[in-house]
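2 protein chains.
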Amino acid sequence: MAKKIAVILAEGFEEIEAIAPIDVLRRAGIDVIVAGLSGKTVTGAHGVKVEADIVLGDMKGLPDAIFLPGGLPGATNLEASPAVIDLIRRMHQEKRLVTAICASPALALQKSGILEGKRATCYPGYEKNFSSGVTFTEERVVKDGNVITSRGPGSAIEFALKLVEELAGKEKAAILNRGLVVKP
Amino acid sequence: MAKKIAVILAEGFEEIEAIAPIDVLRRAGIDVIVAGLSGKTVTGAHGVKVEADIVLGDMKGLPDAIFLPGGLPGATNLEASPAVIDLIRRMHQEKRLVTAICASPALALQKSGILEGKRATCYPGYEKNFSSGVTFTEERVVKDGNVITSRGPGSAIEFALKLVEELAGKEKAAILNRGLVVKP
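Protein chains in written order, with numbering that gives the first Met the number 0: chain A, 0 to 183; chain B, 0 to 183.
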């Protein structure tokens, strides 16, 4: 059965960071649920208005993975949500995949405490938010245990392909890499 | 005054190809109008539902540039629209920028006839649609006169930065390249 991932869209989400993984993961046959944090219609940081599949509060059970895009104020809205912080912690407790890009690793993931002792990356400059227990690296996509982090819009497709590798296998990711005409 | 570009969204547009340029061009301060071909709510090839700013039929005058994303059936819907083919020809007659990615160079642009005598690129395999008067190249982004073409989702940010260069200058494009964390 296809793995399930919830993508959480807050007002002010970064459009490329959110949409590129939704697109790539659906190409891989993964069950992607777009969950609006505070409503079904969500407007991105650059004015793109997207209709989510559900409101986060209506999500039943835990998916196999969650993904938090960045963008401002999207990433601060995710960080400020007790529901999002609680979801991150419950996912982590069950060793399910927790993934984030841009400011979100350094905001919501940092706040949840799940990065302690882990390697992670984030948008350039946001690493100052990481506590001393987090090992920051400038790699474009970083996987440490059940946590995958990445840097920004320009790494969103690479990040998405890493999620495909985890949720649908390396072969699927390699096929998609060619199909997407990714820069060699 | 900021230059104006219309992005035409048909049902089944490729989400990364459409959204990445909208995002990047708005970051550059360019006036981006998202125009739905057959309605204001448009659903992409991978189920992402976007609210357009206007319906194409309501667009007043000619913008400085137009952009046709790819995706299936998005690209065939654009090709099948007499309004789109007419718009391409009017833009071209006035030497305004006409841009397209993925299947759209080989479908709508090819059909409009504006590519005759020009170099262009498209999604791998679609080059068979180009007439003998078009010089196909495998470069990721191609500019020939007032026409800019590109290959697929993986080249969408590179393509968008080329549009920024044309509409807002090289310096702005270079700043965005860094801000987006584009792969070196």
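Backbone N, C-alpha and C define an ideal beta-carbon position, used for all residues, glycine too. Keep in mind it's a predicted model, so treat the numbers as computed, not measured.
Per-residue DSSP class, three states only, for G56 (chain A): helix
Do the region 70–87 of chain B and the region 25–34 of chain B touch if we need at least three Cβ pairs shorter than 8 Å? no
Range covered by the alpha helix (DSSP H) that runs through D85 (chain A): P81 to Q92
G11 (chain A) classed as buried or exposed, judged by whether at least 16 other C-beta atoms fall within 10 angstroms: buried
Is E165 (chain B) near the ligand ATP, in the sense that its beta carbon is under 6 Å from a heavy atom of that ligand? You won't find the ligand ATP in this model; it holds no ligand whatsoever.
Could one say the Cβ of S154 (chain B) lies closer than 7 Å to chain A's Cβ atoms, at least one of them? yes
For L179 (chain B), which residues in chain A fall below 7 Å Cβ to Cβ? G151, P152 and G153
Out of A:L162, A:M58 and A:S149, which has the shortest C-alpha to C-alpha gap to T136 (chain A)? A:S149
Pairwise C-alpha distance: T120 (chain B) and G132 (chain B): 13 Å
For A119 (chain A), which of helix, strand or coil comes out of DSSP? strand
Cα-Cα separation between S130 (chain A) and P81 (chain B), rounded to whole angstroms: 58 Å
Residues within the region 109–143 of chain A neighbouring chain B, beta-carbon criterion of under 9 Å: Y122, P123 and R139
State the DSSP-derived secondary structure class of G11 (chain A), mapped to helix, strand or coil. coil
Whose Cβ in chain B lies nearer than 9 Å to the Cβ of D30 (chain A)? Per Cβ cutoff of 9 Å: no residues; D30 (chain A) is ~11 Å from chain B at best.
Suppose the cutoff is 7 Å on Cβ atoms and the five residues either side in sequence are ignored; what does the same chain contact list for L61 (chain A) look like? R89, M90, E93 and R95
Endpoints, beta strand (DSSP E) assigned at T98 (chain A): L96 to I100
Classify K127 (chain A) as buried or exposed, calling it buried when 16 or more other Cβ atoms lie within 10 Å of its own Cβ. exposed
Hey, out of B:D63, B:K39 and B:A159, whose CA is closest to M0 (chain B)'s CA? B:D63
Quick one, are the C-beta atoms of K48 (chain B) and E50 (chain A) less than 7 Å apart? yes
Return helix, strand or coil for K110 (chain A), following the three-state DSSP convention. helix
Residues of the region 8–38 of chain B with Cβ closer than 7 Å to any Cβ of chain A, in chain order: E14, I15, I18, A19, I21, D22, R25 and R26
Residues near I21 (chain B) by beta carbon distance below 8 Å, same chain, minus five either side: V6, V31 and V33
Along chain B, in chain order, which residues have C-beta atoms closer than 7 Å to that of G46 (chain A)? R25
Counting only C-beta atoms, is V41 (chain B) closer than 7 Å to chain A at any point? no
First and last residue of the uninterrupted alpha helix (DSSP H) at K182 (chain B): Premise fails: K182 (chain B) is in no alpha helix (DSSP H) and is neither H nor E.
Evaluate A173 (chain B) with the Cβ neighbour count: other Cβ atoms within 10 Å of its Cβ, from every protein chain shown; 16 or more gives buried, anything less gives exposed. exposed
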